[in-house]
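Q: Residue numbering for the sequence shown follows numbering that gives the first Met the number 0, beginning at 0 and increasing consecutively.
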Amino acid sequence: MSVKKVNNKPLNLLERIYLWEIGRGLLVTMRHFFVNLFNPKGTVTVQYPEQMIPLAGNARLRTRHRLKVRADGSPKCVACFMCQTACPAYCIRIEAAEYPDNGVEKYPAVFDIDLSRCVMCGMCVEACPEDAIAMDTAEIPGGVETRQALLLTKESLLRNLPGEPSVTGAANRLANDYLRARGEE
0 MSVKKVNNKP LNLLERIYLW EIGRGLLVTM RHFFVNLFNP KGTVTVQYPE QMIPLAGNAR
60 LRTRHRLKVR ADGSPKCVAC FMCQTACPAY CIRIEAAEYP DNGVEKYPAV FDIDLSRCVM
120 CGMCVEACPE DAIAMDTAEI PGGVETRQAL LLTKESLLRN LPGEPSVTGA ANRLANDYLR
180 ARGEE
């Protein structure tokens, strides 16, 4: 086996200090700058929450969580812990209790979802055998003022309706204040 010799030609001064490549990079940057300066149609920045854009098809499938209720107003959840087990982020916490009247069926005494950990994957919805949890509120969890606002309790999960964003989120509150100030609401 022989060794192959590679003859490297020595670099000239421009190649050694990368001046030519730096100049080419700056030209590309300047071209993008001036094209975007005089033709701002291509900007993709959305000033959320002041500027709301409609959600595209599948994006509506994974919005803020809600618990469904029966006709009598009780939650459909039977505290089977399937959603808690399926959650890859471990953001769901359930404590079960039994109904005092018949003692047959369980219900969630505590049902908390920590949105600071939730990855909005929808696996909790898929795992629920009772179809008790849904992600169809059309509200995307946004910025909040405190971490406690990211903790959804059972009561807040039961209040949300499908397709009706609650006005409790900080992002929605900011957007509503902005629209009220402009007189568009």
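No residue lacks a Cβ here, since even glycine has one placed at the ideal position from N, Cα and C.
Count the other CB atoms within 10 Å of the CB of asparagine 6; is the residue buried (16 or more) or exposed (fewer)?
A: exposed
Q: State buried or exposed for glutamate 20, treating a residue as buried only when at least 16 other CB atoms are found within 10 Å of its CB.
A: exposed
Q: Looking at the strands, I want to know which residues DSSP matches up with valine 109.
A: Glu94
Q: Do the segment 138-145 and the segment 73-87 make contact, defined as three or more Cβ pairs closer than 8 Å?
A: With a cut-off of 8 Å, the segment 73-87 and the segment 138-145 do not count as touching, because too few Cβ pairs lie within range.
Q: From what residue to what residue does the alpha helix (DSSP H) around alanine 85 run?
A: 81-85
Q: For the alpha helix (DSSP H) that glycine 24 lies in, which residues bound it at each end?
A: 18-37
Q: Do the CB positions of methionine 122 and alanine 85 come within less than 7 Å of each other?
A: yes
Q: Looking at C-alpha atoms only, which residue of Glu104, Ala148, Ile93 is the closest neighbour of serine 115?
A: Ala148
Q: What three-state label does DSSP hand valine 68 in the structure shown?
A: In the structure shown, valine 68 sits in a strand (DSSP, three-state: E or B).
Q: Could you pull out every residue in the same chain whose Cβ sits closer than 6 Å to the Cβ of glutamate 129, ignoring the five residues on either side in sequence?
A: Lys75, Val77
Q: For isoleucine 132, which residues does DSSP report across the bridge?
A: Leu66
Q: Taking DSSP as the reference, what is the three-state secondary structure of leucine 114?
A: coil
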